[in-house]
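Here full-length UniProt numbering is used: position 193 in the sequence shown is 193, and no number is missing along the way.
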Amino acid sequence: SGESGAGKTESTKLLLQHIMNLCKGNSQLEQQILQVNPLLEAFGNAQTVMNDNSSRFGKYIQLRFQKNTVQGAKLSEYLLEKSRVVQQDAGERNFHIFYYMFAGLSSEQKEMYGLLDPSLYRYISGRFGTQEVTERWKHKYQEVCNALDMVGFQEQEQVDMQAILAGVLSLGNVTFEPEESNGSAKVSEASRGWLKAAAVSHKESSLCAVSPALLRSPSVSCCCSLCADARDSIAKVAYGRVFGWIVCKINELLAENVDPEVELGEIGILDIFGFENFAVNRFEQLCINLANEQLQHFFNHHIFQLEQAAYKEEGLPWETITFNNNEPILNLLLAKPIGLLSLLDEQSAFPQATDKTFVDKLNSSFKGNLHFQPAQGRDLGFSIIHYAGKVQYAVRGFLEKNRDTVPANVRGLFISSVTPLLIPLHIHHEPGPTLARVKCGHKAHVKLLQGEKTHSLMVLMERMYSANPHFVRCIKPNSQKEPGVLDNQVVLLQLRYNGLLETIRIRRDGFSWRPSFEEFAER
């Protein structure tokens, strides 16, 4: 765990290499486990103001062992930040893969996928890189292609995948205008070409993800902004599907091939998005920061509560060490029926509710709560005093993102798609909120209905509570993304809010070696 940009993903890669090095076994499998990283990072990471290679999803890697040899591995992913596909703030980029494609595809391939100059595309904000950066992206694109081959994607599947990504970019340029005769909306004349590019890739490629239905009926009978929302929801769903497909393929490749009767040991490594506090914090940051609150609570429970309870049980002379318990913050967010997420669900269920009615409800429900502050002035938002500091959230779009529904006619599009990858999307994608929530105490939480599998932080927390955890705390040396610079204040702040100063005390005053009675007597 640690802040965004503290080095969690890099530490995970080093830890994996270290474990693989220690257990010389199935060398091909070990190489494959290490080689899937470039693929996950290309499709799941992006540049943010805090980190140039920020994980925009959480991943849990389970390594399965038999007699100290890795027999297989499984990857679980959750909460991919799909909203990034359609919108990025200043100083941020879309997922890496879009830039890698522009840098790495030949001009013939670009023509086949209908890709034009990158500066034309709204979903990548018209920004591209310098010559040096483009060269690096070109190299990265080659890495991705090698990884796709290694994981077992057929050539046609790779073509389909890139056709979908190109289609998503073209779709972002489709705009709408009012249909004067009947008060509905239609695809604007100027963006007809983009719609065609989005819907049809080159002759030997299949119809892409996007919008044959819109081609057939240019008058879209709803207002322009609803059409734009539907357009963006198609793009997010298609991208999420591609990501889920990659994870499925990786798991097929890495699955253990042993007798089911054989009991395997397991080491799980959790690399989850870090705590975030941007200039503008949205629904996604609330979900990310809640996940971090839960991990901090788990850390406190393990390091302070269980540890000190054991000393008391053994009758040892012990002066209780107090720690910064973040339980009140979890109650504020997760309690029923008056927690923030319960109120968000309640408001999301009312068609007439707005972001403003949601904020009014929060302000009246949490008046006087020490961890909640209403926004100052006319801003539509609120602040939460998290364990890692105060974060101000902008509420615009909260209800819409929480509902995250895909319109029925859009789901129909995916069924009629001739790209096989997109058809299962409808079959497995149940209607209703993508960020659905299951709450049971603090081991709760945000689950993502993605493709065939439902991965949930609740399941993850239960798994962690039943395991023997080791905590790797990543500390960010400075806020400027500079190498070799240690900012004392930045470091000290992290040591304080992570509870590491109290952890050092409990480790220094406590009992680090714990033999069983048999071991002790034997010795």
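Yeah, the Cβ is synthetic: ideal placement off N, Cα and C, and Gly gets one too.
Compute the Euclidean distance between the alpha carbons of residue i and residue j, then round it to the nearest angstrom.
i, j, result
"L34", "L16", "7 Å"
"F382", "D149", "47 Å"
"S342", "P38", "38 Å"
"T9", "E522", "42 Å"
"R378", "V359", "12 Å"
"G389", "Y497", "8 Å"
"R269", "Q32", "Looking at the sequence itself, residue 269 is Ile, so the reference to Arg does not match. Computed Cα separation, rounded: 17 Å."
"E30", "T12", "15 Å"
"Q308", "D271", "28 Å"
"S364", "L344", "14 Å"
"Q71", "S512", "32 Å"
"Q28", "E77", "23 Å"
"F278", "Q480", "14 Å"
"T322", "G274", "25 Å"
"V210", "A228", "At V210, the pLDDT of 39 sits below 50, so the modelled position is not reliable and the matter cannot be decided from this model."
"S107", "A166", "14 Å"
"V262", "F43", "35 Å"
"N300", "L362", "28 Å"
"C23", "K67", "9 Å"
Would you identify the three-state DSSP class for residue i, choosing helix, strand or coil?
i, result
"N68", "coil"
"H349", "According to the sequence shown, residue 349 is Ala rather than His. The answer is coil: DSSP assigns A349 none of H, G, I, E or B."
"A199", "helix"
"D355", "helix"
"F153", "coil"
"C208", "Because C208 carries a pLDDT of 35, less than 50, the predicted location of this residue cannot be relied on, and the following value inherits that uncertainty. Coil, per DSSP."
"K390", "strand"
"V187", "strand"
"E10", "helix"
"L468", "The question names Leu, but residue 468 in the sequence shown is Asn. Three-state DSSP puts N468 in coil, outside helix and strand."
"E3", "strand"
"S54", "strand"
"F511", "coil"
"T434", "For T434, the predicted structure reports a pLDDT of 35, less than 50, and the residue's modelled location is therefore unreliable. The matter cannot be settled from this model."
"F323", "coil"
"F128", "coil"
"F243", "helix"
"F366", "coil"
"E256", "coil"
"H428", "Since pLDDT at H428 reaches only 41, below the 50 mark, its modelled position is unreliable, and no value is offered."
Which same chain residues end up closer than 8 Å to residue i when comparing Cβ atoms and leaving out the 5 residues on each side of it in sequence?
i, result
"I267", "I19, Q62, L63 and F65"
"K236", "K82, S83, V85 and V86"
"N478", "V485, L486, D487 and V490"
"K74", "I61, Q62, R64, N251, L254 and A255"
"L332", "G339, L340, F366, N369, H371, F372 and I384"
"L380", "D355, K356, V359, A394, V395 and R396"
"F298", "M461, M464, Y465 and P469"
Provide the residue(s) that pair with residue i in DSSP beta bridges, ordered along the chain.
i, result
"K74", "Q62"
"residue 567", "The structure shown does not extend to residue 567, since the chain is modelled only from 1 through 523, so no value can be given for it."
"E462", "Bridge partners of E462: none, in fact."
"E522", "Note: E522 sits in no beta bridge, so no partner."
"S383", "Q373 and Q392"
"P178", "A185"
"G265", "F65"
"N281", "Y393"
"A46", "S54 and F95"
"F275", "E3"
By Cβ distance below 6 Å, which residues in the same chain neighbour residue i in space, the five residues on each side in sequence not counted?
i, result
"G104", "K138 and Y141"
"L169", "Y121 and Y123"
"D232", "V86"
"E276", "S4, Q285 and I288"
"residue 538", "The structure shown does not extend to residue 538, since the chain is modelled only from 1 to 523, so the question has no answer here."
"I385", "H371"
"W318", "Y311"
"C224", "F176 and A185"
Just checking: is the beta-carbon of residue i within a distance shorter than 8 Å of some beta-carbon in chain D?
i, result
"E108", "Within the model displayed, chain D is absent; a lone protein chain is all it includes."
Sorry if obvious, but does the Cβ on residue i come closer than 7 Å to a heavy atom of the ligand COA?
i, result
"N146", "This structure does not include the ligand COA; it has no bound ligands of any sort."
Excluding the 5 residues flanking residue i on each side, which residues of the same chain have their C-beta closer than 7 Å to its C-beta?
i, result
"A147", "Q35, V36, P38 and L39"
"N94", "A46, R84, V85, Q88, Y123 and I124"
"Q162", "M101 and Y113"
Three Cβ pairs or more, each shorter than 8 Å: is that satisfied between the stretch 282 to 298 and the stretch 322 to 335?
Touching, yes.
Contact the stretch 44 to 57 vs the stretch 77 to 95: 3+ CB pairs below 8 Å
Result yes; three or more Cβ-Cβ pairs closer than 8 Å.
So, do the stretch 162 to 179 and the stretch 192 to 201 have three or more beta carbon pairs nearer to each other than 8 Å?
Contact between the stretch 162 to 179 and the stretch 192 to 201 is present: 3 or more CB-CB pairs across the two stretches fall below 8 Å.
Is there contact between the stretch 502 to 517 and the stretch 304 to 311, where contact requires at least three CB pairs shorter than 8 Å?
Flag = yes, the stretch 502 to 517 and the stretch 304 to 311 touch.
Is it true that the stretch 271 to 288 meets the stretch 387 to 407, where meeting means three or more beta-carbon pairs spaced less than 8 Å apart?
The answer is yes - the stretch 387 to 407 touches the stretch 271 to 288, with three or more Cβ pairs under 8 Å.
If you pair each beta-carbon of the stretch 45 to 53 with each one of the stretch 236 to 256, do three or more pairs fall below 8 Å?
With a cut-off of 8 Å, the stretch 236 to 256 and the stretch 45 to 53 do not count as touching, because too few Cβ pairs lie within range.
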